[in-house]
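Chains as they are written, first to last, in the numbering used here: chain B, 234 to 348; chain P, 8 to 123.
Ideal placement from N, C-alpha and C gives every residue a C-beta, glycine not left out.
What follows is a single structure, written as structure tokens, with notes after it.
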């Protein structure tokens, strides 16, 4: 069965500093990978996705992520963090090998931005 | 398009009560899902549907029922609420992909449920 690990539960960065959120996955084939962001009291919004092709993908709000097959990783990066980026970030992998609609989510990384 | 809508936004139940969480989407998506979100556990799939009349269990289905009579609606029923079902519930939908690829999921704003 596939799984996703987000090793950092909480991360604090200063506004203007760079950011990297880690995501490692376990999957039996070429995965579809996603990063979602959740602001307090809100639903999940898709930041970016990787299906195939260029391993560096660009998303909304200035985020990017790099797929590294050899490391089973899909880390999220942003060169300069803004205070409005404070939120919870979820990495997800799919679909399940059984098909259907199954995305497997990591447990999330809570980002705090210090002014 | 309204996207994925959920009602209610908040609900408090007593143990043993039943209720239905509503979910609707106006994007004509074939796939719909229900997740629950608990602190430190990410999102866990409860039930999903690949089209009207077809549903299947996710990883945490116990205590929940679903049906899909139309493409647009996918209600989640709690038969006899328990405190362990206190959670935030998200509905999601996505378009099917006939070429074997996988399309992104769109999420509703969530329902925060408390069971006393």
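According to DSSP, is residue i part of a helix, a strand, or is it coil?
{"i": "residue 51 (chain P)", "result": "strand"}
{"i": "residue 255 (chain B)", "result": "coil"}
{"i": "residue 58 (chain P)", "result": "strand"}
{"i": "residue 236 (chain B)", "result": "strand"}
{"i": "residue 294 (chain B)", "result": "helix"}
{"i": "residue 241 (chain B)", "result": "coil"}
{"i": "residue 102 (chain P)", "result": "coil"}
{"i": "residue 33 (chain P)", "result": "coil"}
{"i": "residue 343 (chain B)", "result": "strand"}
{"i": "residue 13 (chain P)", "result": "strand"}
{"i": "residue 303 (chain B)", "result": "helix"}
{"i": "residue 24 (chain P)", "result": "coil"}
{"i": "residue 64 (chain P)", "result": "strand"}
{"i": "residue 40 (chain P)", "result": "strand"}
{"i": "residue 318 (chain B)", "result": "helix"}
{"i": "residue 112 (chain P)", "result": "coil"}
{"i": "residue 91 (chain P)", "result": "helix"}
{"i": "residue 260 (chain B)", "result": "coil"}
{"i": "residue 327 (chain B)", "result": "strand"}
When the cut-off is 8 angstroms and only beta carbons count, does residue i lie next to chain B?
{"i": "residue 50 (chain P)", "result": "yes"}
{"i": "residue 81 (chain P)", "result": "no"}
{"i": "residue 60 (chain P)", "result": "no"}
{"i": "residue 116 (chain P)", "result": "yes"}
{"i": "residue 162 (chain P)", "result": "Absent from the model: residue 162 (chain P). The displayed extent of chain P is 8 to 123, so no value can be given."}
{"i": "residue 70 (chain P)", "result": "no"}
Quick one: which chain B residues come within Cβ less than 7 angstroms of residue i?
{"i": "residue 111 (chain P)", "result": "267, 279 and 282"}
For a cutoff of 8 angstroms on Cβ pairs, would you count residue i as touching chain P?
{"i": "residue 292 (chain B)", "result": "no"}
{"i": "residue 275 (chain B)", "result": "yes"}
Looking at C-alpha atoms only, which residue of the options is the closest neighbour of residue i?
{"i": "residue 277 (chain B)", "options": "B:341, B:259 and B:253", "result": "B:341"}
{"i": "residue 101 (chain P)", "options": "P:21, P:36 and P:95", "result": "P:36"}
{"i": "residue 348 (chain B)", "options": "B:245, B:240, B:237 and B:305", "result": "B:245"}
{"i": "residue 77 (chain P)", "options": "P:60, P:70, P:45 and P:121", "result": "P:60"}
{"i": "residue 29 (chain P)", "options": "P:80, P:87 and P:94", "result": "P:80"}
{"i": "residue 324 (chain B)", "options": "B:250, B:257, B:248 and B:243", "result": "B:257"}
{"i": "residue 263 (chain B)", "options": "B:294, B:305 and B:271", "result": "B:305"}
{"i": "residue 315 (chain B)", "options": "B:252, B:243 and B:336", "result": "B:252"}
{"i": "residue 307 (chain B)", "options": "B:326, B:279, B:270 and B:247", "result": "B:326"}
{"i": "residue 265 (chain B)", "options": "P:111, P:17 and P:115", "result": "P:111"}
{"i": "residue 90 (chain P)", "options": "P:97, P:50 and P:120", "result": "P:120"}
For this session: Closer than 7 angstroms, Cβ to Cβ, to anything on chain P: give me those residues from the segment 312-344 of chain B, in chain order.
Result: 323, 327, 328, 333, 334, 335, 336, 338, 339, 340 and 341
Exercise. Of the residues that make up the segment 13-24 of chain P, which ones have a beta carbon closer than 9 angstroms to any beta carbon in chain B?
Worked result: 13
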